[in-house]
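Going by my numbering, the first residue of the sequence shown is number 293, and it counts up by one from there. Comments concern the structure below.
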Amino acid sequence: MEIGSGSGEHGVFFQKRFPEIIWQTSDPDLLNRKSISSWIEYEELNKKMPQPLALDVEKIPWKISLNLENSLQGIVSINMIHVAQWTSTIALFRESGKLLKKGQFLILYGPFKIGNKHTSQSNYFFDNSIKLKNDLWGIRNLDDVSYEGEKNNFLQENIISMPVNNFLIIYRKVS
Ligand SMILES: C[S@@+](CC[C@H](N)C(=O)[O-])C[C@H]1O[C@@H](n2cnc3c(N)ncnc32)[C@H](O)[C@@H]1O
């Protein structure tokens, strides 16, 4: 299940790349959900991929079907936590912690501060630019994010450097 799928371009890419799984997209924004549905149709994935869920991480408990809950293998969120308020990160870990079972994963992708410092000048400028749009947004400090993980039984298992100063962080549910 993907949280904050945006336009849906990533979702259809992953669905095509991994045909053995079902990629469940979601977004709180109706226009984004329409875009996701259009991508699903354009890529002729209607028979394989479910329609996006209207899911806002802060509206808890998350309303997802029992079928999805039982078949859930992991949760992915790409470029979401820095363009949402900090309480969204807290809610993401709390609800994911309730839904996921031991051994399952939560993956975050995006820019992070490491040791409370930006990893590049471009991230510093990007951080300032998103804060001008909303002062509750901002690139998160990885230790603070992982601490929210720990509180919900997620171990930070791996940090993978990605292009353009992004990271992919793998959290594993340990109990
Ligand atoms: C920068 S976009 C990233 C979209 C997409 N994942 C990508 O990488 O292209 C941030 C996304 O987070 C979603 N978002 C913001 N606040 C959210 C929340 N409270 N719960 C779930 N999604 C949220 C927005 O609707 C938007 O689609």
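Where is the CB? At the ideal position from N, CA and C, for every residue including glycine.
Query: Ranges of the beta strand (DSSP E) found wholly within the stretch 385 to 439, counting only runs of at least 3; Result: 397 to 402
Query: Touching by the beta-carbon criterion (3+ pairs, under 8 Å), the stretch 330 to 338 and the stretch 371 to 390; Result: no
Query: Reference E387; option with closest CA among D419, M341, L347 and F418; Result: L347
Query: The stretch 395 to 413 contacting the stretch 351 to 360, beta-carbon criterion three pairs below 8 Å; Result: no
Query: Any non-hydrogen atom of ligand 1 closer than 6 Å to S380 Cβ; Result: yes
Query: Cβ-based burial, L424 [other Cβ within 10 Å; buried from 16]; Result: exposed
Query: G296 beta carbon near ligand 1 (any heavy atom closer than 6 Å); Result: yes
Query: Spatial distance of G296 from S318 (CA atoms); Result: 6 Å
Query: Own chain partners of L447 with C-beta closer than 7 Å, once the 5 adjacent residues on each side are dropped; Result: Y463, R464 and V466
Query: Cβ distance (whole Å) where P342 is taken to contact I313 below 8 Å; Result: Not really, about 12 Å apart at Cβ, beyond 8 Å.
Query: Residue from N445, M454, K394 and I399 whose Cα sits closest to the Cα of E294; Result: I399
Query: Nearest neighbour of L337, chosen from L322, K308 and L323 [CA to CA]; Result: K308
Query: Near ligand 1: V349 beta-carbon under 6 Å from a heavy atom; Result: yes
Query: Straight-line Cα distance separating S453 from I431; Result: 16 Å
Query: Test item: CB-CB of E440 and T379 under 7 Å; Result: no
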